[in-house]
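To start, the structure itself, in structure tokens.
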């Protein structure tokens, strides 16, 4: 693995250039977040005026540091950024994260400074993330590095999340406790002056901690470069992209932001499709799809059984199946006969299987076992609306205990209290979807991914 | 106003037939919810075996009650339902809410009992809501009736919400604290054996407490009947419909549920469009649109200014504008010159106006004042991603303090704590949207509504 890039996520020591004792300043908040999330490595703050910051011994200058610096994080005002880079390169630091803004994105003058910095970094054999970015996170328990100024404590997952927009990254981080999004690595790439999506695509493909790659992009630095590893068959993990600036107005807006030049949308779309890259329409779809690919087996076909304790949401789910070109499975007579023994006499054993509000954990488990065993069924969506009489937690756990090689995705419409309980007490802690329409979208993306992959593998063998 | 229907929402006394002392039973939970929400009228529980339930004196039979019963709520097991109806009619009760399930929706036998009950009720000049439903709510402070078994305490709004599905109603109620949906009236209509969407359309049109009508429907009892008041020009309030069973599979599912026969979707779509009825695609869009119509002026045109402290979300917003056939406004030179004095020198005074993360309440307020004053602008979407240094609450309040006749809709991507603060402390408590794509959808629906209305008024004058 490329060790300069690796050090952004797995550094044994970090130096924070511009650490500050002033609360609410970026130099303070960043260090506070790093400390608060429990970073396992050595922290080396630099500040010419302070003895210590947040209990860490402070260095007057970079030069003064004798320890090896795996990763340097610069948060000084922009007029001091270039000097900081110079000093770090003299110290032989190879991985530099430049959070400071005010470069290419603000015009000619900033662009020149940025160019100079990149040239210096490149000729020193070092690598740069940023400038104008929000930082990086490694949520893995051995590292626990949150080098951003969003003071959340992300839970550990297996997704790599690349965001060209710092704010969008921040918005995702801000809402983690509501969305239950989990990732292993996060990187806000800012102006992408050096490290960009092409680097992360290769890096994450080779990092065993990453199962799924997600990218929020406003532009491609070099589309051809991005597609090359796909052409060569080097990318074996699912890649999900939210490409903003789809419309001409959005494209114009994107090009003024982070100084990026957006690519023609139709060209983007066609290219991504050719290589089984999942293109999504919004942030929710991106992370729901990542959750699906990481946590559930890919269905073998498009026939879906819906299990529910409530009619209305099930109908919305059935509507969404057709929208996503999935089918409502035709249950076998054998399954229906067996279901008849478990389902309430006034419920329905046809698909959607309606258990009525009284259905408990036991019923849900048995019914999900029966429908997954049916050879006419490729996937199950199990819906639960919280009634008064049934414990929602027991239901979700019992359904995710069903032994099957088919995906069962649960949609939950509970009282808000449920989510805390689930987060705290669930054993498997598999994703639970919040909208009747979500699983169909996810299943459809999973199928698209696996079908494209199969097709590509076939083509590759033929030629 | 029709007093039989009025009594479902404004009863001075309610009788609960089947009240129970057994926790977790529907007869207990319903009474508990009624009591807990603070119903202002008289509560008369009926239970042959109990002296009192939840502190309320209990009657052995309906006959024993001497007070006038404005609304009777039946939650007895289905085999006793018909007897309860008979007794209530003997008491001259005119409004009966039959929550009990097990009628038309379960087949022939249930259908016959349901038919008999309806005939008896009709010949007595009474009205029935249900059976197989989840109850009614009036959230207005003078009434405070939550006659459902969802123990939430809805905040008061101006929407009427009709749900053909009890579970979907329950799902909406379950998530009120997360969605900030507010309504005045809620009715779960179940099998619609008597009272249906046609009744509520007319009733809510004539009730001054209702500003916007929302319907979740799986079928129309009589489409022509529903459209009649529109044809006559009697409906002057916005009507928003989520019609499930859009696809053939969904339609089939809908017809087994609540025994409804779904209507052909294309016919539905065309008919609704002709009368300016807003048809939405999901629950979020339904309530977001209702929030928009109730709380913001309708824009005079399609030109939207976007104000933001963050590039990424703004680009997603701009993408959504084009999807909804709205335009990115071209700001006048005068506005740009004035903006230049307020906006950070490295920000952007073109639309989208980018204030950069440091922008505070004062900047947001001034910028929103300037863009709303621009005659090239019809509406504003103001986006705020929470950075470390700025108080989100002050920003949202200051923007909603801007004096203008144009809609300003705010999108907020804050830490989760913000929502509680806003709910508790906000003075105007206007809706805040959670996704960059939401306001475009809402503005587009508002424009569709007002343009259709204008066209209909014109046609009406011409003929």
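Residue numbers (this note's numbering), protein chains in the order written: chain A, 1 to 463; chain B, 1001 to 1463.
Yeah, the Cβ is synthetic: ideal placement off N, Cα and C, and Gly gets one too.
Predicted, not measured: the structure shown is a model, and the values here were computed from it.
{"Check": "Kindly list the residues whose CB is nearer than 8 angstroms to the CB of residue 280(A), restricted to its own chain and excluding five residues on each side of it in sequence; keep chain order.", "Outcome": "240, 241, 242, 286, 289 and 445"}
{"Check": "Using a Cβ-Cβ cutoff of less than 6 angstroms, which residues in the same chain neighbour residue 1413(B) once the five nearest sequence positions on both sides are dropped?", "Outcome": "1385"}
{"Check": "Using a Cβ-Cβ cutoff of 9 angstroms, what residues of the segment 297-326 of chain A are near chain B? List them in chain order.", "Outcome": "306, 308, 309, 310, 311, 312, 313, 314, 315, 316, 317, 318, 319, 320, 321, 322 and 323"}
{"Check": "At a Cβ cut of 7 angstroms, what residues of the segment 1134-1155 of chain B count as close to chain A, listed as they run along the chain?", "Outcome": "1149"}
{"Check": "Beta-carbon within less than 6 angstroms of residue 340(A)'s beta-carbon, same chain only, minus the 5 sequence neighbours each way: which residues are those?", "Outcome": "349"}
{"Check": "Closer than 8 angstroms, Cβ to Cβ, to anything on chain A: give me those residues from the segment 1363-1387 of chain B, in chain order.", "Outcome": "1385, 1386 and 1387"}
{"Check": "Roughly how many whole angstroms lie between the Cα atoms of residue 267(A) and residue 1107(B)?", "Outcome": "55 angstroms"}
{"Check": "For the segment 1032-1042 of chain B against the segment 1225-1239 of chain B, are there 3 or more C-beta pairs whose distance is under 8 angstroms?", "Outcome": "no"}
{"Check": "Return the CA-CA distance between residue 1101(B) and residue 1119(B), expressed in angstroms with no decimal places.", "Outcome": "18 angstroms"}
{"Check": "Could you confirm whether any beta carbon from chain A is found closer than 7 angstroms to the beta carbon of residue 1024(B)?", "Outcome": "yes"}
{"Check": "Strictly below 8 angstroms CB to CB, what residues from chain A border residue 1018(B)?", "Outcome": "The contacting residues do not exist; residue 1018(B) stays about 14 angstroms from chain A at best."}
{"Check": "Taking DSSP's pairing of strands, which residues face residue 1015(B) in a bridge?", "Outcome": "1044(B) and 1072(B)"}
{"Check": "In the DSSP assignment, find the beta strand (DSSP E) that holds residue 383(A) and state where it starts and stops.", "Outcome": "379-385"}
{"Check": "Quick one: does residue 1444(B) have its CB under 7 angstroms from some CB of chain A?", "Outcome": "no"}
{"Check": "Tell me where the beta strand (DSSP E) around residue 135(A) begins and ends.", "Outcome": "135-138"}
{"Check": "Taking DSSP as the reference, what is the three-state secondary structure of residue 1323(B)?", "Outcome": "helix"}
{"Check": "If you draw a straight line from the alpha carbon of residue 238(A) to that of residue 449(A), how long is it in whole angstroms?", "Outcome": "7 angstroms"}
{"Check": "At the 7 angstroms Cβ level, is residue 286(A) part of the contact set with chain B, yes or no?", "Outcome": "no"}
{"Check": "Relative to the alpha-carbon of residue 127(A), which residue among 150(A), 409(A), 138(A) and 92(A) has its alpha-carbon at the smallest distance?", "Outcome": "92(A)"}
{"Check": "Run through DSSP, which three-state label would residue 344(A) get?", "Outcome": "coil"}
{"Check": "Smallest Cα separation from residue 402(A): which of 122(A), 382(A) and 391(A)?", "Outcome": "382(A)"}
{"Check": "Using a C-beta to C-beta distance shorter than 9 angstroms, which residues of chain B count as neighbours of residue 177(A)?", "Outcome": "1415 and 1416"}
{"Check": "Within 7 angstroms of any Cβ in chain B, is that where the Cβ of residue 259(A) sits?", "Outcome": "Summary for residue 259(A): the model assigns pLDDT 48, below 50, so the residue's position carries little reliability, and this model does not support an answer."}
{"Check": "Looking only at its own chain, which residues have a Cβ that is under 7 angstroms from the Cβ of residue 115(A), when we skip the five neighbours before and after it?", "Outcome": "none"}
{"Check": "Counting only Cβ-Cβ distances shorter than 9 angstroms, please list the residues of the segment 1389-1417 of chain B near chain A, keeping chain order.", "Outcome": "1389, 1413, 1414, 1415 and 1416"}
{"Check": "Please check if any C-beta of chain A sits within less than 7 angstroms of the C-beta of residue 1244(B).", "Outcome": "yes"}
{"Check": "Counting only Cβ-Cβ distances shorter than 9 angstroms, please list the residues of the segment 92-124 of chain A near chain B, keeping chain order.", "Outcome": "101, 102, 105, 106, 107 and 110"}
{"Check": "Would you call the CB atoms of residue 5(A) and residue 142(A) closer than 7 angstroms?", "Outcome": "no"}
{"Check": "From the DSSP output, which residues share a beta bridge with residue 354(A)?", "Outcome": "308(A) and 348(A)"}
{"Check": "Can you tell me where the alpha helix (DSSP H) with residue 1448(B) in it begins and where it stops?", "Outcome": "1438-1462"}
{"Check": "Are residue 353(A) and residue 307(A) touching if we call contact CB-CB under 7 angstroms?", "Outcome": "yes"}
{"Check": "What residues in its chain sit with their C-beta under 7 angstroms from that of residue 10(A), if we drop five residues either side in the sequence?", "Outcome": "138 and 143"}
{"Check": "Among 1156(B), 1188(B) and 1189(B), which one has its Cα closest to the Cα of residue 1211(B)?", "Outcome": "1156(B)"}
{"Check": "In three-state terms, what does DSSP make of residue 117(A)?", "Outcome": "helix"}
{"Check": "Below 8 angstroms on the Cβ atoms is my contact criterion, and I expect residue 1372(B) with residue 1408(B) to pass it. Report the Cβ-Cβ distance as a whole number of Å.", "Outcome": "7 angstroms"}
{"Check": "Tell me where the beta strand (DSSP E) around residue 1402(B) begins and ends.", "Outcome": "Residue 1402(B) -> no beta strand (DSSP E), and no H or E assigned at all."}
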